[in-house]
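**Q** Numbering of the sequence shown is given in our numbering, commencing with residue 24 and proceeding in unit increments.
Beta carbons are placed, not taken as given, at the ideal position from N, Cα and C, and that holds for glycine.
In this text the structure is predicted, and so the values were computed from the model without any measurement.
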Amino acid sequence: NDYSNNYIHSNIQPINYVRNIKNPVEGYPKLQKLFNLKNQQIKNFQTKPYGCRIEPLKMVSKLNEWINMHNLCFDVIMIGSLSENQFLINLIKELPIDKLCSKPGFLFIWASNTKIKELSVLLNGNNGNAWSKKFRRSEELVFVPINKNSKFYPKLDDLSLFERQQWHCWMCITGTVRRSVDGHLIHCNVDTDLKIENQDFRKITDEIETCIPTHLYKVAENFSSATRRLHIIPGRVGYNSSVKVRPGWVIMSPDILLNNFNPEEYKRQIDSLGSNLPQDEEIENLRPKTPLQK
Numbered sequence: 024n025d026y027s028n029n030y031i032h033s034n035i036q037p038i039n040y041v042r043n044i045k046n047p048v049e050g051y052p053k054l055q056k057l058f059n060l061k062n063q064q065i066k067n068f069q070t071k072p073y074g075c076r077i078e079p080l081k082m083v084s085k086l087n088e089w090i091n092m093h094n095l096c097f098d099v100i101m102i103g104s105l106s107e108n109q110f111l112i113n114l115i116k117e118l119p120i121d122k123l124c125s126k127p128g129f130l131f132i133w134a135s136n137t138k139i140k141e142l143s144v145l146l147n148g149n150n151g152n153a154w155s156k157k158f159r160r161s162e163e164l165v166f167v168p169i170n171k172n173s174k175f176y177p178k179l180d181d182l183s184l185f186e187r188q189q190w191h192c193w194m195c196i197t198g199t200v201r202r203s204v205d206g207h208l209i210h211c212n213v214d215t216d217l218k219i220e221n222q223d224f225r226k227i228t229d230e231i232e233t234c235i236p237t238h239l240y241k242v243a244e245n246f247s248s249a250t251r252r253l254h255i256i257p258g259r260v261g262y263n264s265s266v267k268v269r270p271g272w273v274i275m276s277p278d279i280l281l282n283n284f285n286p287e288e289y290k291r292q293i294d295s296l297g298s299n300l301p302q303d304e305e306i307e308n309l310r311p312k313t314p315l316q317k
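As structure tokens, this is what we get:
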């Protein structure tokens, strides 16, 4: 059972011995049914896919335009992708996240293991940014590539003895949300905090060409019932990667394949769909719940 010692002799990483990577809910029929029901509900209440192609240096002014001229706000905001040049601290701290995010609202920021200290400093409000103090850190999520051949394996930037292969995400909350009573806003414990890459799924979905695993989006979709979702990718992802649009999301990136975002059209779609998914009795009965305190 000494997988570290086995890796030294075989060059097979310990993560390769983890079972049920392809289907984590195998053997749990209720959880499988819950995932299927939530996937279908999300599909039934999602906007068409939107992309906003823009250079990183123009992102702040464009977001301010959305806020001031179109009165746009989002309930779920994700920043970054699994690409090393995404954690641009000077740009991220200037983003008007506090004005762009509703209350309650949820923020997901992804960074490689080598940037986790910078991310922590940013969220502690020690970098001169105005918005971080209005968010509190709630959960840390981890994404682990399956091996060194993975598209998502972090590039090494030092000569340290140990390789850093994980990607980290801080999930932050603004406003007041209680998991025990706000089931109409959040569904906790549907996904695990740790996700291991499923290469077979990538082959099926042609995900190998993109820098964003589907799981990054699914975690946010399964957690929050909100339909207003924004993904900001504040840097180029490289010549061998692409950024694809996704139904239910507005994706801002210099490399987004489709440039079709219209703020007024988007607002009309949200007015038609509603800003939150409706509660479903079957999903409520199946999903894990936090016990009410006596």
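Work out the CA separation of residue 164 and residue 258 for me, nearest whole Å.
**A** Roughly 22 Å between the two C-alpha positions.
**Q** Does the beta-carbon distance from residue 135 to residue 146 come in below 7 Å?
**A** Their beta carbons are not under 7 Å apart, which means residue 135 does not touch residue 146 by this criterion.
**Q** Write down every uninterrupted run of the alpha helix (DSSP H) in the region 70 to 114 whose length is 4 residues or greater and which is fully enclosed by it, in chain order.
**A** Runs found: 82 to 93.
**Q** Return the residue from the list 272, 279, 277 and 111 that minimises the CA-CA distance to residue 289.
**A** Comparing Cα positions, the closest option is 272.
**Q** Taking only three categories from DSSP, how would you classify residue 254?
**A** In the structure shown, residue 254 sits in a strand (DSSP, three-state: E or B).
**Q** Taking the straight line between their C-alpha atoms, what separation do you get for residue 78 and residue 72?
**A** Roughly 20 Å separates the two Cα atoms.
**Q** What is the rounded straight-line gap between the Cα of residue 304 and the Cα of residue 261?
**A** Residue 304 and residue 261: Cα-Cα distance of roughly 44 Å.
**Q** Grab me the residues of residue 193's own chain with a C-beta within less than 7 Å of its C-beta, minus the 5 sequence neighbours each way, in chain order.
**A** Around residue 193: 132, 142, 146, 160 and 163.
**Q** Would you kindly check if the distance between the Cβ of residue 81 and the Cβ of residue 121 is under 7 Å?
**A** No, the pair does not count as a contact, with Cβ atoms beyond the cut-off.
**Q** Mapping DSSP to helix, strand and coil, what is residue 159?
**A** Correct three-state label for residue 159: strand.
**Q** If you drop the 5 nearest sequence neighbours on each side, which residues of the same chain put their C-beta closer than 8 Å to that of residue 27?
**A** Once the five neighbours on either side are set aside, the close Cβ partners of residue 27 are 37.
**Q** To the nearest angstrom, how far is it from the Cα of residue 13 to the Cα of residue 129?
**A** It is not possible to answer for residue 13, since the shown part of the chain is limited to 24 through 317.
**Q** Using 10 angstroms around the beta-carbon of residue 67, count the other beta-carbons present and answer buried if the total reaches 16, otherwise exposed.
**A** Exposed, since its Cβ has fewer than 16 Cβ neighbours within 10 Å.
**Q** What residues are listed by DSSP as bridge partners for residue 299?
**A** Bridge partners of residue 299: 249.
**Q** Within the same chain, show all residues whose beta-carbon is closer than 6 Å to that of residue 9, passing over the 5 residues directly before and after it, in chain order.
**A** The question about residue 9 has no answer here: the residues shown for the chain are numbered 24 through 317.
**Q** On the criterion of 16 or more Cβ atoms from any shown chain inside 10 Å, does residue 74 qualify as buried, or is it exposed?
**A** Flag for residue 74 reads buried.
**Q** In this structure, what does DSSP give as the bridge partners for residue 167?
**A** Per DSSP, 219.
**Q** Should residue 294 be labelled buried (16 or more other beta-carbon atoms within 10 Å of its own) or exposed?
**A** That one is exposed.
**Q** Roughly how many whole angstroms lie between the Cα atoms of residue 312 and residue 32?
**A** C-alpha separation (whole angstroms): 44 Å.
**Q** Could you name the residues of the same chain whose beta carbon sits closer than 8 Å to that of residue 297, not counting the 5 residues immediately before and after it, in chain order?
**A** So the qualifying residues of the chain are 68 and 250.
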